[in-house]
Amino acid sequence: MTKEFIDFVNAHKDEDTARLLLSAARYPSIDMPVAVQQIEGLRTAHDKWPSLLACPDYLYPPRLNREQSSSEAAARYKASLLPAPLTVADLTGGMGIDTLAFARVAQHVDYVERDPQLCALMEHNLRALGIRNVTVHCDDSLQWLQSHLSSFTFHLIYLDPARRNAAGRKVAGFEDCTPNILDHAALLRARCQRLMVKASPMIDIDLACRQLGDVGEVHVVGVKGECKEVLFLCGSPAGEPQITCVNLNTLITQNTPRTPFSFSRSEEAAAEGRYCRQVGRYLYEPDATLMKGGPFKLLAQRYGLELLGRNTHLYSADRFVGDFPGRIFEVLRELKLSRKEVLAAIPGGRAHVVTRNYPLEAAVLQKQLGLKEGGDYFVVATSVGDRKCGFLCKM
Numbered sequence: 002m003t004k005e006f007i008d009f010v011n012a013h014k015d016e017d018t019a020r021l022l023l024s025a026a027r028y029p030s031i032d033m034p035v036a037v038q039q040i041e042g043l044r045t046a047h048d049k050w051p052s053l054l055a056c057p058d059y060l061y062p063p064r065l066n067r068e069q070s071s072s073e074a075a076a077r078y079k080a081s082l083l084p085a086p087l088t089v090a091d092l093t094g095g096m097g098i099d100t101l102a103f104a105r106v107a108q109h110v111d112y113v114e115r116d117p118q119l120c121a122l123m124e125h126n127l128r129a130l131g132i133r134n135v136t137v138h139c140d141d142s143l144q145w146l147q148s149h150l151s152s153f154t155f156h157l158i159y160l161d162p163a164r165r166n167a168a169g170r171k172v173a174g175f176e177d178c179t180p181n182i183l184d185h186a187a188l189l190r191a192r193c194q195r196l197m198v199k200a201s202p203m204i205d206i207d208l209a210c211r212q213l214g215d216v217g218e219v220h221v222v223g224v225k226g227e228c229k230e231v232l233f234l235c236g237s238p239a240g241e242p243q244i245t246c247v248n249l250n251t252l253i254t255q256n257t258p259r260t261p262f263s264f265s266r267s268e269e270a271a272a273e274g275r276y277c278r279q280v281g282r283y284l285y286e287p288d289a290t291l292m293k294g295g296p297f298k299l300l301a302q303r304y305g306l307e308l309l310g311r312n313t314h315l316y317s318a319d320r321f322v323g324d325f326p327g328r329i330f331e332v333l334r335e336l337k338l339s340r341k342e343v344l345a346a347i348p349g350g351r352a353h354v355v356t357r358n359y360p361l362e363a364a365v366l367q368k369q370l371g372l373k374e375g376g377d378y379f380v381v382a383t384s385v386g387d388r389k390c391g392f393l394c395k396m
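So, in structure tokens, the structure goes:
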């Protein structure tokens, strides 16, 4: 990038990008589509890849590749799972955020991507970042793996299969993704000591473990409260997979480390969850990674809480458990879920509505109750045993 291009991007980074495209004729020396792509990438980087902002020469890929890329936090978490030094092959390179994270701990990383534009951007960005232990290969990943270095075994092969079908719709199962890793399992296993597969948050964890066959670890990864990806680490000795649920923005709370929640399915099956007869002073809602991972009885057992119901996935106690991995509501009162009673109880008619094991979705109930979104109150609609009920809460 020229200094003129960088100066233009910095001078216009807060402007409407659609208007900039329409004004391209005013700036004949600037490749306006590339400049707009860069501006939009910088905006995304503030939240998703903050360390890249320190590199003014970094070039961002098109929107779809940015959307499909891992966040920097999730990529670094993946890299933290691996002992160093390593040889790594990232067979679905894309924007390269995972490759960059692996390069921090690996001896060498092979980045494989069949899109020439993405490969050219990666070559440029590696130079801009001063990273010298990554080699870019513009090739079909499985053909490259089969035809190159046939006697070499990587410490780790990483795959993030494309999760859209030919019609552009999102898919979750391995058999529907590209590449279908189940069809190439023998090749992948022969070429690495361990295989790491990134899957959709919608994946069926237990089915995926059975399909892959030798899963030692499953990591359910959340960023800022939203479940973003499920990682399968294969190549471990035969045994039951250990499932770890981690929400990356809550690993550190007020300088106190928070341990990710790890468990096995047999531990969950053996756990004895107690059910409450009456909701206590506090309600506990697990974060999205725990809702995905499913250690529901074990959560109650480890934190000394009572379950509201078998399928409710809310917990109660009279005591405050500050390190609980999720949201904690203070119960002000039980509330009849009628418009009249709710509006009488909530000054201004503003509240957030949460539904768990309740016949109506939150947005439908909110409209039915005549509530506007916002304010300090929460209306929690749920089931205690077989009884449908509501609670007025604050956080």
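Just so you know, the sequence shown maps onto residues 2 to 396 in this note's numbering.
Every residue, glycine too, gets a C-beta built ideally from N, C-alpha and C.
Taking C-alpha atoms, which residue in Val-219, Lys-229 and Val-231 lies nearest to Gly-240?
Mapped onto the sequence shown, residue 240 falls at position 239. Taking only the C-alpha atoms, the option nearest Gly-240 is Val-219.
DSSP three-state label for Thr-45, please.
In the sequence shown, the residue the question calls residue 45 occupies position 44. Residue state, collapsed to three classes: helix.
In terms of residue numbering, what span does the beta strand (DSSP E) encompassing Lys-229 cover?
Indexing the sequence shown from 1 puts residue 229 at position 228. Here the beta strand (DSSP E) through Lys-229 covers 227–235.
Backbone secondary structure at Cys-120 - three-state DSSP
On the sequence shown, position 119 is the one that residue 120 refers to. Correct three-state label for Cys-120: helix.
Distance between Tyr-159 and Thr-100 (C-alpha atoms, nearest Å):
For the purposes of this step, residue 100 is identified with residue 99 of the sequence shown, where counting begins at 1. For the purposes of this step, residue 159 is identified with residue 158 of the sequence shown, where counting begins at 1. Their Cα atoms are separated by approximately 9 angstroms.
Beta-bridge partners of Gly-327, as assigned by DSSP
Counting from one through the sequence shown, the residue named residue 327 turns up at place 326. Residue pairing of Gly-327 in beta bridges, as defined by DSSP: Pro-287.
Is the beta carbon of Ala-173 less than 8 angstroms from the beta carbon of Ile-204?
Taking the first residue of the sequence shown as position 1, residue 173 is located at position 172. Taking the first residue of the sequence shown as position 1, residue 204 is located at position 203. Result yes, Cβ atoms of Ala-173 and Ile-204 sit closer than 8 angstroms.
Output the boundary residues of the beta strand (DSSP E) element that contains Val-18.
The residue given as residue 18 occupies position 17 in the sequence shown. Looking at the sequence provided, one finds Thr at residue 18 rather than Val. No beta strand (DSSP E) contains Thr-18, which is instead part of the alpha helix (DSSP H) from 18–23.
In whole angstroms, what is the alpha-carbon distance linking Thr-88 and Arg-67?
Counting from 1 along the sequence shown, the entry for residue 88 is found at position 87. Counting from 1 along the sequence shown, the entry for residue 67 is found at position 66. Per the coordinates, the alpha-carbon of Thr-88 lies some 26 angstroms from the alpha-carbon of Arg-67.
Where does Arg-192 land, buried or exposed, given buried means 16+ other C-beta within 10 angstroms?
The residue given as residue 192 occupies position 191 in the sequence shown. Label assigned to Arg-192: buried.
For Cys-193, three-class secondary structure by DSSP:
For the purposes of this step, residue 193 is taken as the residue at position 192 of the sequence shown. Cys-193: strand per DSSP, three-state reduction.
Taking all protein chains shown into account, do 16 or more other C-beta atoms lie within 10 angstroms of the C-beta of Gly-131, making it buried, or fewer, making it exposed?
Sequence index remark: in the sequence shown, residue 131 carries index 130 (1-based). So Gly-131 ends up on the exposed side.
Here's the rule: buried if 16 or more other CB atoms are within 10 angstroms of the residue's CB, otherwise exposed. What is Phe-264?
One-based indexing of the sequence shown puts residue 264 at position 263. Label assigned to Phe-264: buried.
Roughly how many whole angstroms lie between the Cα atoms of Glu-342 and Cys-390?
The count along the sequence shown starts at 1 and reaches residue 342 at position 341. The count along the sequence shown starts at 1 and reaches residue 390 at position 389. Approximately 13 angstroms, taken between the alpha carbons.
If you reduce the DSSP assignment to three classes, tell me which class Val-332 lands in.
Residue mapping note: residue 332 aligns to position 331 of the sequence shown, counting from 1. Val-332 falls in the strand class under three-state DSSP.
Rounded to the nearest angstrom, what separates His-185 and Ala-74 at their Cα positions?
Against the sequence shown, residue 185 aligns to sequence position 184. Against the sequence shown, residue 74 aligns to sequence position 73. C-alpha separation (whole angstroms): 29 angstroms.
For the alpha helix (DSSP H) holding Thr-100, just list the boundary residues, first then last.
Reading the sequence shown from its first residue, position 99 is the one you call residue 100. That run of the alpha helix (DSSP H) goes 98–104.
For Thr-1, count neighbouring Cβ atoms within 10 angstroms of its own Cβ and tell me buried if that reaches 16, exposed if not.
The question about residue 1 has no answer, for the chain in this structure spans 2 to 396.
Among Asp-387, Gly-386, Leu-333 and Leu-196, which one has its Cα closest to the Cα of Val-380?
If you number the sequence shown from 1, residue 380 lands on position 379. When each option's Cα is compared against that of Val-380, the closest is Leu-333.
Quick one: residues in its chain with C-beta nearer than 6 angstroms to the C-beta of Leu-361, no 5 flanking neighbours on either side, listed in chain order?
Walking along the sequence shown from the start, residue 361 turns up at place 360. Cβ within range, chain order: n/a, list empty.
Which residue wins for smallest C-alpha separation from Leu-309, given the options Ile-31, Arg-388 and Val-198?
Sequence index remark: in the sequence shown, residue 309 carries index 308 (1-based). Leu-309 has its Cα closest to that of Arg-388, out of Ile-31, Arg-388 and Val-198.
On a Cα-Cα basis, can you pick out the residue from Ser-30, Ala-382 and Asp-48 that is closest to Lys-225?
The count along the sequence shown starts at 1 and reaches residue 225 at position 224. For Lys-225, the nearest C-alpha among the options comes from Asp-48.
Range of the contiguous beta strand (DSSP E) that encloses Phe-392:
Stepping through the sequence shown from its first residue, residue 392 is reached at position 391. Taken as a continuous stretch (DSSP letters only), the beta strand (DSSP E) holding Phe-392 covers 388–395.
DSSP three-state call for Arg-64: helix, strand or coil?
Here the question's residue 64 lines up with position 63 in the sequence shown. Helix, per DSSP.
Buried versus exposed, by CB contacts within 10 Å (16 or more), Lys-395:
As a working mapping, residue 395 is identified with position 394 in the sequence shown. Result: exposed.
With which residues is Ser-223 paired in a DSSP beta bridge?
Position 222 of the sequence shown, counting from 1, holds the residue named residue 223. Going by the sequence as given, residue 223 is Gly instead of Ser. Per DSSP, Cys-228 and Asn-248.
What residue range is occupied by the uninterrupted alpha helix (DSSP H) comprising Glu-176?
On the sequence shown, residue 176 is found 175 positions in, with the first residue counted as 1. Counting along the chain, Glu-176 falls outside any alpha helix (DSSP H), and DSSP gives it neither H nor E.
Close Cβ partners of Arg-105 (< 7 angstroms) along its chain, the five nearest in sequence each way excluded
As a working note, residue 105 is residue 104 in the sequence shown. Only Ala-80 meet the Cβ criterion.
Span of the alpha helix (DSSP H) around Glu-342:
As a first step, residue 342 must be located in the sequence shown, where it is residue number 341. From DSSP, the alpha helix (DSSP H) with Glu-342 extends over 340–346.
Glu-114 - DSSP class collapsed to helix/strand/coil
Reading the sequence shown from its first residue, position 113 is the one you call residue 114. The answer is strand: DSSP assigns Glu-114 an E or B state.
Using only CA atoms, which one of Thr-18, Leu-60 and Ala-271 lies nearest to Asn-7?
For this step, residue 7 is matched to residue 6 along the sequence shown. The sequence as given places Ile at residue 7; Asn does not occur at that position. When each option's Cα is compared against that of Ile-7, the closest is Leu-60.
Taking all protein chains shown into account, decide if Gly-327 is buried (16 or more other Cβ within 10 angstroms of its Cβ) or exposed.
Position 326 of the sequence shown, counting from 1, holds the residue named residue 327. Per the 10 Å Cβ criterion, buried.
Mark Asn-312 as exposed unless 16 or more other C-beta atoms lie within 10 angstroms of its C-beta, in which case mark it buried.
For this step, residue 312 is matched to residue 311 along the sequence shown. Result: exposed.
Just to confirm, are Ile-40 and Ala-76 a CB contact at a threshold of 8 angstroms?
The residue labelled residue 40 in the question sits at position 39 within the sequence shown. The residue labelled residue 76 in the question sits at position 75 within the sequence shown. For Ile-40 and Ala-76, no; Cβs fall outside 8 angstroms.
Could you tell me the boundaries of the beta strand (DSSP E) in which Asp-91 lies?
Taking the sequence shown and counting its residues from 1, one reaches residue 91 at position 90. The continuous beta strand (DSSP E) containing Asp-91 extends over residues 88–91.
Quick one: residues in its chain with C-beta nearer than 6 angstroms to the C-beta of His-125, no 5 flanking neighbours on either side, listed in chain order?
What you label residue 125 is simply residue 124 of the sequence shown in a count that begins at 1. So the qualifying residues of the chain are Leu-60.
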